[in-house]
Every structure is written in C-alpha cells, then in structure tokens.
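Notes follow once the structure below has been shown.
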Amino acid sequence: MSSTPENIIGQQEMLAVRHRRRYTLCHVLTILGVLFLAAFGGLSLVSGSYVLGTILLINALVGLINLYLLKRSGNVERAAKILSGILFVLSMSLLITGGENNTGMLWIYPIVAINLFINRFWPAVFVFSIFSIASALLLFTPLSALLMTSYSLTEAVRFMLTMLALNSICLAALRSEEQAYETIMQLHADDIRQMAYYDKLTGLPNRWSFKTNLERMLNRAERDKQRIGLLYIDLDNFKQVNDQHGHEAGDRVLLKFSERLLDVIRPNDQIYKPQTESLARLAGDEFVVLLPNIKAPLDASTVAARILNIFKGGFNVDDVDHMIYASIGIAVYPDDSADSTDLLHHANAAMYDAKNNGRNCFKFFTQDIADKLRERQLIEKGLRLALNEARFSLVYMPIFACKDSSIVAVEVLLRCHSPALNGYGPDHFIPVAEATGLIKDIDLWVIDNALKAQGVLQKELSFSGKICINISGVELHNELFPEQVKNLLAHHKIKPNSVELEVTETAFVAGDVTCLKTLNALNELGVSLALDDFGTGYTAFNQLIHYPAHCLKIDRSFVNDLFSEREARNKMVMIIQSLAKLYDLRVIAEGVETEAQMTYLKELGCDWAQGYYLSRPLSWDDFCALLKS
Numbered sequence: 001m002s003s004t005p006e007n008i009i010g011q012q013e014m015l016a017v018r019h020r021r022r023y024t025l026c027h028v029l030t031i032l033g034v035l036f037l038a039a040f041g042g043l044s045l046v047s048g049s050y051v052l053g054t055i056l057l058i059n060a061l062v063g064l065i066n067l068y069l070l071k072r073s074g075n076v077e078r079a080a081k082i083l084s085g086i087l088f089v090l091s092m093s094l095l096i097t098g099g100e101n102n103t104g105m106l107w108i109y110p111i112v113a114i115n116l117f118i119n120r121f122w123p124a125v126f127v128f129s130i131f132s133i134a135s136a137l138l139l140f141t142p143l144s145a146l147l148m149t150s151y152s153l154t155e156a157v158r159f160m161l162t163m164l165a166l167n168s169i170c171l172a173a174l175r176s177e178e179q180a181y182e183t184i185m186q187l188h189a190d191d192i193r194q195m196a197y198y199d200k201l202t203g204l205p206n207r208w209s210f211k212t213n214l215e216r217m218l219n220r221a222e223r224d225k226q227r228i229g230l231l232y233i234d235l236d237n238f239k240q241v242n243d244q245h246g247h248e249a250g251d252r253v254l255l256k257f258s259e260r261l262l263d264v265i266r267p268n269d270q271i272y273k274p275q276t277e278s279l280a281r282l283a284g285d286e287f288v289v290l291l292p293n294i295k296a297p298l299d300a301s302t303v304a305a306r307i308l309n310i311f312k313g314g315f316n317v318d319d320v321d322h323m324i325y326a327s328i329g330i331a332v333y334p335d336d337s338a339d340s341t342d343l344l345h346h347a348n349a350a351m352y353d354a355k356n357n358g359r360n361c362f363k364f365f366t367q368d369i370a371d372k373l374r375e376r377q378l379i380e381k382g383l384r385l386a387l388n389e390a391r392f393s394l395v396y397m398p399i400f401a402c403k404d405s406s407i408v409a410v411e412v413l414l415r416c417h418s419p420a421l422n423g424y425g426p427d428h429f430i431p432v433a434e435a436t437g438l439i440k441d442i443d444l445w446v447i448d449n450a451l452k453a454q455g456v457l458q459k460e461l462s463f464s465g466k467i468c469i470n471i472s473g474v475e476l477h478n479e480l481f482p483e484q485v486k487n488l489l490a491h492h493k494i495k496p497n498s499v500e501l502e503v504t505e506t507a508f509v510a511g512d513v514t515c516l517k518t519l520n521a522l523n524e525l526g527v528s529l530a531l532d533d534f535g536t537g538y539t540a541f542n543q544l545i546h547y548p549a550h551c552l553k554i555d556r557s558f559v560n561d562l563f564s565e566r567e568a569r570n571k572m573v574m575i576i577q578s579l580a581k582l583y584d585l586r587v588i589a590e591g592v593e594t595e596a597q598m599t600y601l602k603e604l605g606c607d608w609a610q611g612y613y614l615s616r617p618l619s620w621d622d623f624c625a626l627l628k629s
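Taking the UniProt record's numbering, the leading residue of the sequence shown gets 1, the next gets one more, and so forth.
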C-alpha cells in the first residue's frame, strides 16, 4: 500500500534522529582524532620518527578539513567516509611503522573498532575485509618487505586472530543495532499506517482508507459486471448523548454501534459476506457500509432494515437507554453512478432525504433527490455569489399593538437579488445556507444591517420600538455568537433592550446544553428572545420551562384557523395566549389577514400582531414614510 503523508513524516522524524546521532558522533570523533593525531604526530617528530609523525600530522590536517566541511554542509555521509579513510590510513601506518616503541598494534584495535562503528553494517564489512586482506598480505607474504618494523610469526598470527575476534564482535553489535532500528522503523510505520488508515476509536477504516477501498471495489465490480450497494448512515439525536452524558459516553455509544454494525452484517449473510474494509467511520456519527455483488437494490434495503433494528427499543450502553436512531441513504453502483465520489454524494443526499422524512428510516437515491441535489448546488453557488457581491437587502415588516394599532416593533426580513437565485425565496435558500455553513455569514450580515437601520430609526425618527431579527437555529450551537452580537451592539451604539432575536421553536431541543448556554449568554446581554412559529414543535410547551424566552410568536397557521370547524385548531391561539399569560410572556400573532382575525385577537388580549391586513413588508423608504405619517 502506498505511503501516506503521515507515514512519510513519521519515518523522516526517525531518520532525522539517526542523522543527528551520526552527526554528533562524527563531529566529536573528528575533534578528538585531530587532537590525538596532532599531539602524537608532534611527539613522533621530536623523537625522530619522521615518517610516522608526518603521516599523523597529514591525517590531522585532513581531519580539520573534514570538520570544516561537516560544519559547513552538514553532510554526515561524506564526513563519515573521510573519517573512515583517515582511520584506515592511520591503522595501516601504525601496522607498517610499528608506531612509537612498537606499540602500533595495540593502537590499531580501538582505531579499527571506531572505524567500524562510524559506518553502517555493509560498509563496515567492506572496511574490515580490505584491512584484513591488506594486513595478511603485509604480514604473511613477500610484501612484508614494505614493513618498517618486524613481527614474529606468533605476533602476526595473534594480531590477525585478535582482529578477527574483535571485528566479529563489532560487526555483530553493529548488525544487531541496525536490525533493531529497522524493527523500530517497521513498528513505527505500522503505527502510523494504523493512524492514517483507521479510526482510532472504532478501529474501522477512516474516510481516506474508505475512498481507496471504494475505488478498488468499483474497479473490480466494473470488470466482473457486478452491483455494489453503498449505505450512508448518520445517527439521529447523537448530539444529545454528548450534551447530556458527556463525550466519553458518546464515544462508548459510537464504539458499541460499530461493534453491533459488524454483528448485523453477519459473515453467514446470504446477501453479503463482509470484510472490515467494507465498513468505515467517515466522521463523527457518520458511517458507511459497502455491499459488493448484490443481485438487486432490494438486497441493500434488507441490510438497511437490519441496521435500523439495532435501535429498536432504545440503544443500551452501560445500562443507559439512549434514544438515538439512524437515517440511512442508499446508492447503487452502477445504477446511480459509476464514479466513486458521486456515488458517495448520492448516498449522502439520500441520507439527508431520510432525515427530512421523519428520520429512523432509509431512502434510496432517486431522480427526485438528484433534482433536489442539483437545485441545492445551484442555490449554494448563488448564495456564495450573493455574499461576495453584496446582493442581499432587508425589507421591514411593521408590528402593531393590538389595543391601539400603533407601530411598536419592526421585523427585518432578508431578500436576495442574485440572478442565480431568481425565483428562490428565503424558504428555499435559508435551509441550504444552514446546511453549508453559509448561514453564519448571512446572520451576521442581517444583524449588522438591522442594527445600523435601528440606529437611524432611533436617531432620526425617534423610533422607540424594538427591531426583531430572525436568526438561524445553527447559531444556538455557535459559542462565538453571543460575543459577536455584543460587538455589533457596541459598534452601532444600540441598547440591547431595543433588539429582539427570533428563533423558530422547532430549532430547540430539550436538554441541549450548548443551546441553553448560548441563550443564557444572549439573555445576559439584555436582548429579548422570541420563540417564532410557536406551537408547531412537539416540545413547544416544554421550552418555556428550560429556555429564557420573553415572547411567543403564534404561528400563522393557527391564526388562519381561528374560525376553523376543527375545534382542536381554532382553540390553539387561546391556549397559547393563556400559556403566555401564565409565564408572563408577550404574544405576537403572525399572519393576520382579516379584520375578523384582528378583532378576535384584540378581544383575546393578544399584545402585538403583524400580517398583510395590517401591512405588507416595506422597503426602507416606505417604512420610514409610514413612521412619519
């Protein structure tokens, strides 16, 4: 398998350590060698050993040059070779001249040992072989005439045997060191490969590894004319596990799910016989399953149903039942795509379709989803252009007091004028902005411009009402958001109590720690918080206990059903009004379109109202004119 960047970096670090070690060794030995050679070379000259003294001093000079080159270039390999050459020449010189008082042989042993250790194993074998051959020729052949001293046969044999033993020990130690180093490198490479290719928590292949496996399996399927099913799994409500029980509990849930996922896709499965490489954890709570050689798409749905069954009755980990489920998207090769990247995107799109259709289910990729995907990509591109080219604007929806029809607040609504988004309103592009993360930039743009407008209204038109700003539920999980709002309030010199932030009630999740922390931080700033579209979420009433709300905005659907024959619907406004009174909350009715509705709300005691009966959204100039009138 090819090396990953992480693998290469790890090996380079170990090589760098070894390089530094050899550099230090060569540096120290060269300095000591130069001092030794200079000292003994001088002593040899003084005592009359001119040949030996000259050789020692020449070697000392070469050593100094080598030291200079090593410091200048850092080339350890070259320095080691030069040092090895110096030591070799020195050893041969001592053997030929006999050294001072015929002690040359005694000095040869440590010099040769050092020479071996500064080399790697095979170069050391070469140096030892050359020295041994040269020594044998000088001691046991007519070439002994070149010697400047004489050795007895006993001395020569003892020298050769001692050298053989010493060098065998040195070479064995050197070989053991290199083998240990190679083993460490291999173990390190295996560890790096594990980290690069596999998820640390679950042990499953990660995204990088999965893409490689997917490419390989698609190539094989193309060759063998086979189908492959790709299941994209995302755990629903998993964030609640982290928020309520901590990230360690969340990790245990992910680990347990990966184990049960392996159990569900059994080896004796007639549809699919799995390999670990066919499962992967892509990120967070996202997993994928590859089903090679399926006969029909229905086979993939059978496996998907088994996966969903894991969560039936709750997902128990450490005696705690977690109410998590799975949304699964299914794409099939080659039916949906022959390209690995597109196949993964299609399965992901089908998974989001499953989420949008109730969760805890699976969906196949279809042409309808393909159309939605293309539309989403078109909208995303248009949003990016709109942000870059400043093609957003605000319109102003007046909010009136029910008792006297005075303007008490204004809601700012976002409009986009990008040609690429022609025909797409906020209902279409806001969900895409939330899914792509662009909503954070859009929210800040809206707040910035709304506060700027509020400053003008207060200063030039003496407007004392609130400016109401819709924010995305995404911001409730953005810990930076309260500080960003605080900075914008300070920048525009706007009092927080003249600002109301509206969040749809369906964005709230009971027990969401991050959400509660963000709302409390906003509340501490002094801005008021409104639950928009109140009554449409299944946890609506529960939110009033947990979250610091100041206002309820009754959803337009309930206002529209005020005089409906369906009693359960026409009483909702009355119920919400009573609930708000109980919790001392202000009430705004949205979507007021008839006089009868307005009259009823006024008699009921509703605080504020907005809708086309009272005023349509206005441009800046028209709203200012309305205030003046």
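Glycine included, every Cβ here is placed at the ideal spot set by N, Cα and C.
For residue i and residue j, I'd like the C-alpha separation in whole angstroms.
i    : j    : result
H19  : Y50  : 39 Å
K486 : F563 : 43 Å
A490 : I469 : 17 Å
K200 : K239 : 20 Å
E593 : L438 : 33 Å
A60  : L29  : 12 Å
A596 : D404 : 16 Å
D353 : M572 : 31 Å
F364 : G473 : 28 Å
T212 : A338 : 15 Å
I447 : I233 : 36 Å
Y272 : N237 : The pLDDT assigned to Y272 is 47, lower than 50, so where the model puts this residue is not dependable, and the model offers no usable value.
E182 : R175 : 10 Å
L451 : T504 : 21 Å
A249 : F315 : 12 Å
A350 : N356 : 10 Å
L94  : V112 : 11 Å
N520 : H477 : 12 Å
L507 : D342 : In the sequence as displayed, the identity of residue 507 is Ala instead of Leu. For A507 and D342, the distance between alpha carbons rounds to 31 Å.
I467 : L461 : 14 Å
S578 : V559 : 15 Å
A134 : S209 : 56 Å
F463 : S393 : 21 Å
L522 : P482 : 5 Å
Which partner residues does residue i have in the DSSP bridge list?
i    : result
W608 : A401 and I588
T504 : D532
R281 : F287
V317 : V320
F364 : I330
C468 : E411 and E500
L618 : Y396
Y325 : D236
C551 : A530 and R586
Kindly indicate which residue of the options has the alpha-carbon position closest to the one of residue i.
i    : options                  : result
L52  : L255, R21, D339 and T103 : T103
T366 : H346, R21 and D448       : H346
D427 : T436, L414 and L137      : L414
D285 : L383, R207 and D318      : R207
L138 : N119, M160 and F117      : M160
A305 : D321, V320 and A326      : A326
Q610 : L501, H492 and E411      : E411
V499 : L579, V527 and A386      : V527
I58  : L385, V89 and V157       : V89
S91  : M163, T24 and D336       : M163
I31  : S44, I86 and T54         : I86
N115 : I65, P496, C170 and L501 : C170
Q226 : L290, Y424 and D368      : L290
H417 : S406, I310 and A386      : A386
Y68  : D512, V46, H27 and E215  : H27
Would you say residue i reaches chain D, if we count a Cβ-Cβ gap shorter than 8 Å as a contact?
i    : result
A521 : Protein chain content of the structure displayed is limited to a single chain, and chain D is not contained in it.
In chain order, each beta strand (DSSP E) run of at least 3 residues that lies wholly inside the stretch 215–262: 227–236
Secondary structure, alpha helix (DSSP H): runs of 4+ residues fully inside the stretch 371–452: 426–436
Complete beta strand (DSSP E) runs within the stretch 106–182 (minimum length 3 residues, chain order): none
contact_flag[the stretch 201–209, the stretch 241–257] where n(CB pairs < 8 Å) is 3 or more: yes
Stretch-stretch touch, CB-based, cutoff 8 Å, three pairs: the stretch 329–348 with the stretch 294–302: yes
Any 3 or more C-beta pairs closer than 8 Å across the stretch 143–159 and the stretch 119–128: no
Sufficient close CB pairs (3 or more, under 8 Å) joining the stretch 69–79 to the stretch 31–50: no
Contact the stretch 72–91 vs the stretch 106–121: 3+ CB pairs below 8 Å: yes
Touch test, the stretch 572–588 against the stretch 376–390, Cβ-Cβ under 8 Å, three pairs minimum: no
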